[in-house]
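Structure record follows, encoded as structure tokens.
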Amino acid sequence: MTEALVILLAGMLLAWPLGLYLARLMRGTPMRIDPLFHWIEKPLYRLLGVDPGRAMSWRGYVAAFLLSNLVLAVPTLAVFMTQAWLPLNPDHIPNLRWDTALHTMVSFLTNTNQQHYSGQAQLSYLSQMTAITGLQVITPMMGLALAVATLRALFARTQDNGNGNAARIRVGNYYADVVRLCLRFLLPLCLLWTLLLTWQGVPSTLAAGPQAVPIDASAGMQAQKIPLGPVAAMVAAKQLGANGGGWYGPNSSFPLENPTPLSNALELVGIVLIPMAVVFMIGAFTGRRRFGALVFGCMLGMSLLSTFGTVWLEGHGATAASPLLMEGKEVRFGADGTALWATLTTQVQNGSVNGMQDSMSPLTGMVSLVNMLVGAIWGGIGCGLQQFLVYLMLSVFLAGLMTGRTPELFGRKLETPQIRLLAVLVLLQPITLLGLTALTLAIPGLAGTSNPGFHGITQVFYEFTSAYANNGSGFAGLSTNTVWWNLSCSLVLALGRFPILIVPLVIAAQLAGKRQAPQGAGSLQIETPTFGLTLVCVIVVLTVLQFMPALVLGPVADHLGLALQGAPQP
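In terms of the working numbering, the sequence shown opens at residue 636 and continues consecutively.
So this is what it looks like as structure tokens:
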């Protein structure tokens, strides 16, 4: 528990000044560091052919976002399918199969980093450095740019022009936002974390890995090649960017990717740092500090409940004494350290692991599932805030129904068009996850589970949930590198990424085009503890309760079976 408190406190202390800097950066406030970056940014704007000072409508912003994803997708897919013929491949790794290449491209393009391959064995240095690490830097900043644009629209001062044309609302310049976020925010942080991790022993080299002679000759292996590479830079980007995809297959449980207790702490703080900074940015960026406090209070409350619940269940729960639960865990970190990582990585939608989720106690796995289903306990960079705004609007709508008032958010009415869009997002998640889980389990041999019982149900449900939640962690035990899993997860990855980023921006722009009514004594006050509690209750109803049958058939039944096995016999 002490380690959990230290990590969360360190993350908050570092995130607070970072959030204030982020607010100034996205407001375009002149800063002393401007000349340092102008010489890099101006050539980029000329290369892109854009005017950074020209603000876009929400339609232009969304179109630029979709176009940039398409432009990144094509060369990324090409690199994966031709890496055997490209340079920086000292280990002579072959090309990826087409469906694996497609899934990997979609996975990293959506900031999810779900891996159906083992990085050190199936990707060249060039693929890891460009297609993987490059997307790990760019895609989280694309998501954050959409969230910032949503805040601009939500708090726009523009009045109704008479015909309700929300397209006239300007939400910023997409290209300028992404370039500034990458160059002035994430890349400097990645450089700092890379140096710190290299100092702790994480490899940072372009040389081929050395040969080692195994100590145990009875294994029948004459020599073993130790895979190296520029690992530290990728680990920094994977943690700070809420990515999660590791250089090595075992991710941060592998000693070369996470060699020391200090590197473990650095990576844990890196997981929560930017999502927390985004929350601290809200008050300063919007000028509504009480609103920022509402978001922070709700997220922190859910985070503490999830964190302490997970650590207790894993180390002190009814099944904690089972020797089976130590399989797949790194003994250097122990049960508590592994549980802490598991809960933070699913609260943030990061997806990295320092132990296998499949080896956690069943109820710990259920908490991880709930974290991802909520999607707004800190959440991914950008998409976490967007998901929280969806819950906020739904809570305002429901509170308005309960009090007999027309629901209003910051003086603007939520009406039928906005509620319909919110309903699409609410229904899309269960239809996608439950439908594909049922289909996969119904067809024999399709799932490829290592456990046909209740645990197998959890394995399948977890795989689709992590894809939809932009998390990417796996419950393991699945034969996922198949055409079915690669194609179905690619679909889920896209459905979980683009609607949650785009729809809240559309709703915010529609609200910005409406006449703003002055708030009075009869207005719903959302910046209060009472409304915060209401919002959390709405989150519980919309996530936990609608997925309760799947949770009962999976982790709950798995827990009861394991507990009964360990119970004393009469």
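The C-beta atom is built at its ideal place from N, Cα and C for all residues, glycine as well. Small disclaimer: the values here were computed from a predicted structure and weren't measured.
Per DSSP, the continuous alpha helix (DSSP H) segment holding Pro1139 begins and ends at 1118-1147. Arg1047 is bridged by DSSP to Leu1044. Between Leu1033 and Leu1049, the alpha-carbon positions lie close to 11 Å from each other. Distance from Gln749 to Ser742 at the Cβ level is roughly 5 Å; contact confirmed, criterion being Cβ atoms closer than 8 Å.
Boundaries of the alpha helix (DSSP H) around Trp733: 733-744.
Judged by DSSP secondary structure, Pro1184 falls within the alpha helix (DSSP H) whose first and last residues are 1183-1186. At the C-beta level, Leu832 and Ala871 come within 8 Å of one another.
In the structure shown, Ala847 adopts extended strand secondary structure according to DSSP, grouped into three states.
A straight line joining the alpha-carbon of Asp812 with that of Ala699 spans about 11 Å. A direct Cα-Cα distance of roughly 9 Å separates Pro1190 from Ser996. For Arg805, the pairing in a beta bridge is given by DSSP as Ser692. Residue pairing by DSSP places Lys860 opposite Gln846 in a beta bridge. When rounded, the separation of the alpha-carbon atoms in Gly986 and Thr774 is 15 Å. Bounds of any alpha helix (DSSP H) do not take in Ser1114, whose DSSP letter is neither H nor E.
As the crow flies, the alpha-carbon of Lys677 is around 10 Å from that of Gly684.
If you ignore the 5 residues before and after Thr1084, its C-beta comes within less than 7 Å of the C-beta of Gly1091, Gln1094, Val1095, Gly1112, Leu1113, all in its own chain and listed in chain order. According to DSSP, Lys964 shares a beta bridge with Gly990.
At a Cβ-Cβ threshold of 8 Å, Leu1170 and Thr745 do not count as neighbours.
The secondary-structure analysis by DSSP pairs Thr945 with nothing; it has no beta-bridge partner. Taking a C-beta distance under 8 Å as the contact criterion, Leu1186 and Leu1004 qualify as a contact pair. Under the rule that a run must span 4 or more residues, the alpha helix (DSSP H) segments found entirely inside the segment 1050-1088 read 1051-1077. A Cβ-Cβ separation of about 18 Å leaves Gln984 out of contact with Gly944 under the 8 Å criterion. By the Cβ criterion, the segment 960-979 is not in contact with the segment 1059-1076, since fewer than three pairs of Cβ atoms, one from each stretch, lie closer than 8 Å.
Counting along the chain, Val1171 sits inside the alpha helix (DSSP H) bounded by residues 1164-1175.
Here Ala1104 really is in contact with Gly1010; their C-beta atoms are around 5 Å apart, less than 8 Å.
CA-to-CA, the gap between Leu702 and Ala847 works out to about 47 Å. Per DSSP, Tyr1026 is one residue of the alpha helix (DSSP H) stretching across 1018-1038.
Here Gln857 is not near Gly905, since their CB atoms are 8 Å or more apart. Per DSSP, reduced to three states, the secondary structure at His751 is coil, with no helix or strand assignment.
Remark: C-beta atoms of Val1059 and Asp734 do not approach each other more closely than 8 Å.
CA-CA distance, Ser839 to Leu721, rounds to 21 Å.
Here the alpha carbon of Pro910 sits roughly 21 Å from the alpha carbon of Val1175.
The beta-carbon distance between Ala782 and Gln1021, rounded to whole angstroms, is 6 Å. This is short enough to meet the 8 Å contact definition. Distances from the CA of Ala719 to each of Leu821, Ala756, Gly879, Leu1036 were compared; the closest alpha carbon is that of Ala756.
Pairing Leu786 with Glu1162 gives a Cβ-Cβ distance that is not under 8 Å.
In the three-state reduction of the DSSP assignment, Phe889 falls in the coil class.
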